[in-house]
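When we follow our numbering, the leftmost residue of the sequence shown carries the number 186, and every step to the right adds one. Don't be surprised by glycine CBs; every beta carbon is placed ideally from N, CA and C. Here's the structure, in structure tokens; my notes come after.
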Amino acid sequence: MAESTSLLFNPRTYDPAHFDPETRRLLRATVDWFEARGKRRLIQDYRSRVWLADFLEFAAKEELFATFLTPASAAAGDGDRRWDTARIAALNEIFGFYGLDYWYAWQVTVLGLGPVWQSDNADARERAAGLLAQGEVFAFGLSERTHGADIYSTDMLLEPDADVPGGLRATGSKYYIGNGNAAGLVSVFGRRTDVEGPDGYVFFAADSRHPAYHLRKNVVDSSKFVSEFHLEDYPVAPADVLHTGRAAFDAALNTVNVGKFNLCTASIGICEHAMYEAVTHATNRILYGRPVTAFPHVRRELTDAYVRLVGMKLFSDRAVDYFRSAGPDDRRYLLFNPMTKMKVTTEGEKVIDLMWDVIAAKGFEKDTYFAQAAVEIRGLPKLEGTVHVNLALILKFLRNHLLDPVDHPPVPTRLDAADDAFLFRQGPARGLGSVRFHDWRTAFDAYAEVPNVARFREQADALCAFVETSAPDEEQSRDLDLLLAVGQLFALVVHGQLILEQARLTGLDEELLDELFAVLVRDFSAHAVELHGKDSATEAQQEWALGAVRRPVVDTARSTRIWERVEALAGAYEMAP
């Protein structure tokens with residue numbers, strides 16, 4: 186049992202010994218708080234949609250958010266406070282494991298802090314650090330009801346304040362703003378009415394308790410407070426201004442770069458908790474005189490769910506290393522980041538669906554975690570940009586990544602207690618075409634003897650040939666439907682690459698890797714068939730698509746041994762009542 190459960194988060198055995206003592210203490214204290222609360226209370230709070238006051242009280246008492254979300258530059262010498270993506274990822278996973286409502290309050294605090302930590306406004310940074318130390322949450326006032334997150338079209342308007350030199354008055358509404366009911370500081374994006382073009386953009390700090398801040402409603406039926414608020418002649422002093430002009434625009438996009446990484450590990454946590462429940466239920470369920478898990482299709486679905494979840498974890502863990510090692514001359518994270526948001530979260534949906542097909546009606550029962558997992562897993566692919574938006578972003582890197590590698594120093598595993606300062610000085614949010622990557626083939630070469638890695642490598646090489654000989658022409662490049670199908674194929678190659686890199690760094694056994702890549706071979710074939718059926722696909726593209734279809738290498742004994750690991754999850758964890 187130990188081998189199968191060691192790859193998944195298990196509160197019974199969790200000991201993050203690879204972190205420093207204070208990080209280790211806080212992560213374990215968070216787990217213990219949820220476990221002491223118990224499953225019944227957790228589900229009750231979810232269903233009654235209560236605000237998370239008890240949780241935020243715990244977080245404030247432990248200074249959890251302050252420790253994890255204050256960069257070293259604002260920590261006033263406190264050595265435990267830093268922005269450390271590795272431990273942030275670990276906390277995301279824990280929050281996801283117990284409930285996305287808790288993660289959401291934390292996530293929008295991350296987003297609200299982004300423009301502040303990127304700002305040169307020392308007063309605002311000091312104010313934010315103080316609010317964090319007091320246990321306050323934050324909000325990110327970017328999206329609007331009419332325009333969504335289309336920041337070119339913001340209707341939050343700022344006019345010069347005749348009574349305050351350099352001051353402004355803001356009027357307008359924001360929509361889909363998490364924590365808008367309670368945030369000590371809301372980072373709000375708007376534009377000046379007296380300045381034309383991009384120079385008129387402004388990011389400023391607002392207080393949700395100010396009389397000119399009007400909370401309209403919670404737009405969702407949830408403990409997550411996703412607010413609509415309206416500012417009416419809100420006074421913005423010079424000390425409240427975080428960014429102006431193009432820098433405000435860049436701060437918005439760079440904040441999303443930082444924040445959307447959190448979605449992958451939250452989805453992992455959701456899937457892990459659901460998997461313990463699903464496997465335990467299926468193992469104990471008798472149907473037609475046999476355990477449900479005696480049926481071959483059930484074993485296949487649960488095994489596929491398990492290896493997909495392992496792949497999610499391997500990819501996300503490796504992406505952390507690139508995030509933390511990024512700098513002006515190494516921006517590979519700009520590909521791996523939308524991959525974590527798009528690919529890992531959609532894998533999470535597949536994992537839940539596979540398990541739900543097995544446990545069927547059990548997945549609706551009100552005393553299960555699974556019932557909320559099945560709902561919450563849907564949200565993550567849709568936050569911080571849709572799957573389609575992030576796929577389109579990923580496509581910008583396709584040619585450089587597949588066909589034009591350069592030498593980069595190897596990126597090590599990054600679990601060190603370092604401050605990831607570059608994330609708040611990413612610079613202009615442009616120049617994606619100049620980002621260069623190391624050779625993706627190296628990771629595959631290291632596992633060339635693993636049958637399904639080799640089979641998938643054939644498909645990856647075929648994709649390179651497609652890009653060189655049959656890539657969409659200028660007219661097809663306007664057909665986003667076709668391009669997204671190509672993007673799914675490319676995403677699979679990047680997904681496989683980082684999985685293999687992390688497998689090598691962690692010594693993952695090759696049998697598990699082989700079973701995982703059997704799934705990826707099937708996925709690639711399915712997306713190739715989808716491309717074949719696109720309306721605008723040329724004859725050459727259709728021919729290529731069918732030629733890229735492969736059958737995984739079948740090894741019944743291997744699959745049986747992997748199934749035994751999945752079966753060992755039954756009873757490995759159940760949340761206290």
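Use the C-beta contact count for PRO396: other C-beta atoms within 10 angstroms, 16 or more gives buried, fewer gives exposed.
Answer is exposed; the Cβ neighbour count stays below 16.
Identity of the residue in ILE228, HIS466, GLY369 and PRO383 nearest GLY320 by Cα
Closest option to GLY320, Cα to Cα, is GLY369.
On the DSSP bridge assignment, give the partners of GLY363 in chain order.
The partner list for GLY363 (beta bridge, DSSP) reads VAL411.
Assign LEU754 to one of two classes, buried (16 or more other C-beta atoms within 10 Å of its C-beta) or exposed (fewer than that).
Sixteen is the threshold: when 16 or more other Cβ atoms of the shown chains lie within 10 Å of the Cβ of LEU754, as they do, the residue is buried.
Our contact map puts GLY315 next to GLY454 with C-beta atoms below 8 Å; I'd like the distance itself, whole angstroms only.
So it is not a contact: roughly 30 Å between Cβ atoms.
From ASP630, LEU587, ALA733 and GLU329, residue whose alpha carbon lies closest to that of ARG621
Nearest of ASP630, LEU587, ALA733 and GLU329 to ARG621, Cα basis: LEU587.
Closest to ARG222 by CA distance: which of PHE240, GLU534 and ARG232 is it?
Of the listed residues, the one whose Cα sits closest to ARG222 is PHE240.
Check whether the segment 240-254 touches the segment 289-304, taking contact to mean three or more Cβ pairs, one atom from each stretch, closer than 8 Å.
Inter-segment contact for the segment 240-254 and the segment 289-304 is present: three or more beta-carbon pairs are separated by less than 8 Å.
PHE508 vs ALA436 beta-carbon contact at 7 Å:
Going by C-beta atoms, PHE508 is not nearer than 7 Å to ALA436.
Assess contact between the segment 264-282 and the segment 334-351, defined as three or more Cβ pairs (one per stretch) separated by less than 8 Å. Is contact present?
By the criterion of at least three beta-carbon pairs nearer than 8 Å, the segment 264-282 is not in contact with the segment 334-351.
Beta-carbon within less than 7 Å of ALA688's beta-carbon, same chain only, minus the 5 sequence neighbours each way: which residues are those?
Spatial neighbours of ALA688 in its own chain (CB-CB distance under 7 Å, excluding positions within 5 residues in sequence) are listed in chain order as LEU499 and LEU698.
Report yes if the CB atom of PHE549 is closer than 7 Å to the CB atom of GLU462, and no otherwise.
No.
Could you check the C-alpha separation between ARG310 and LEU427 for me, to the nearest Å?
Inter-residue distance for ARG310 and LEU427 is about 9 Å (C-alpha atoms, whole angstroms).
Looking at TYR361 and SER407, is the spacing between their C-beta atoms short of 7 Å?
In this structure, TYR361 does not lie closer than 7 Å to SER407 by Cβ.
Spatial distance of ASP601 from PHE204 (CA atoms):
One alpha carbon belongs to ASP601, the other to PHE204, and they sit about 7 Å apart.
Taking a contact to mean a Cβ-Cβ separation below 7 Å, would you say LEU448 touches LEU565 in this structure?
With contacts defined by Cβ atoms closer than 7 Å, LEU448 and LEU565 form a contacting pair.
Output yes or no for whether 7 Å exceeds the beta carbon distance between LEU608 and VAL441.
No, these two residues do not count as a Cβ contact at 7 Å.
Would you call LYS551 buried or exposed, if buried means 16 or more other Cβ atoms sit within 10 Å of its Cβ?
Exposed: under 16 other Cβ atoms inside 10 Å.
Could you give the C-beta distance for LEU254 and LEU317, rounded to a whole number, given that I count them as a contact under 8 Å?
Yes, they are in contact, since the Cβ atoms of LEU254 and LEU317 sit about 6 Å apart, within 8 Å.
Can you tell me whether DSSP reads PHE204 as helix, strand or coil?
The three-state reading of DSSP puts PHE204 in coil, since its state is none of H, G, I, E or B.
Please list, in chain order, all residues of the same chain as TYR491 whose beta carbon is under 6 Å from its beta carbon, the five residues on each side excluded.
Here the set comprises VAL751.
Looking only at its own chain, which residues have a Cβ that is under 6 Å from the Cβ of HIS466, when we skip the five neighbours before and after it?
A distance below 6 Å between beta-carbons, with the five flanking residues on each side excluded, links HIS466 to the following residues of its chain, in chain order: ILE544 and LYS547.
Enumerate, from N- to C-terminal direction, the unbroken alpha helix (DSSP H) stretches of 4 or more residues contained entirely within the segment 441-496.
Counting whole runs of 4 or more residues, the segment 441-496 contains the alpha helix (DSSP H) stretches 447-469.
Would you decide whether TYR398 is buried or exposed? Buried here means 16 or more other CB atoms lie within 10 Å of its CB.
Buried: at least 16 other Cβ atoms inside 10 Å.
Please report how far the alpha carbon of THR531 lies from the alpha carbon of HIS712, in whole angstroms.
C-alpha separation (whole angstroms): 14 Å.
Taking the beta carbon of ASP425 as the centre, do at least 16 other beta carbons fall within 10 Å, making it buried, or is it exposed?
Buried, since its Cβ has 16 or more Cβ neighbours within 10 Å.
Please list, in chain order, all residues of the same chain as PHE521 whose beta carbon is under 6 Å from its beta carbon, the five residues on each side excluded.
Sequence-distant partners of PHE521 (beyond 5 residues in either direction) whose C-beta falls short of 6 Å from its own C-beta, in its chain, are ALA504 and TYR507.
Which ranges would you report for the alpha helix (DSSP H) in the segment 290-324 if only whole runs of at least 4 residues count?
Under the rule that a run must span 4 or more residues, the alpha helix (DSSP H) segments found entirely inside the segment 290-324 read 307-318.
Of the choices THR525, ALA559, LYS528 and SER412, whose alpha-carbon is the least far from that of LEU539?
Cα-wise, what sits closest to LEU539 is ALA559.
Just verifying my parser: in three-state terms, what is the DSSP assignment at PRO420?
Strand.
Can you have a look at SER412 and say buried or exposed, based on whether 16 or more other CB atoms are within 10 angstroms of its CB?
Within a 10 Å sphere around the beta-carbon of SER412 sit 16 or more other beta-carbons, which makes this residue buried.
Run of the beta strand (DSSP E) containing LYS402, from where it starts to where it stops
398-403 is the span of the beta strand (DSSP E), which, as asked, contains LYS402.
Is PHE434 helix, strand or coil when you go by DSSP?
Three-state DSSP puts PHE434 in a helix.
Can you grab the Cα-Cα spacing for the pair ILE579 / MET524, in whole Å?
Their backbone Cα atoms lie some 7 Å apart in a straight line.
Could you tell me which residues DSSP puts in a beta bridge with PHE374?
Paired residues: PHE388.
Outcome for HIS482 when other beta-carbon atoms lying within 10 angstroms are tallied against a minimum of 16:
HIS482 is exposed by the Cβ-count criterion.
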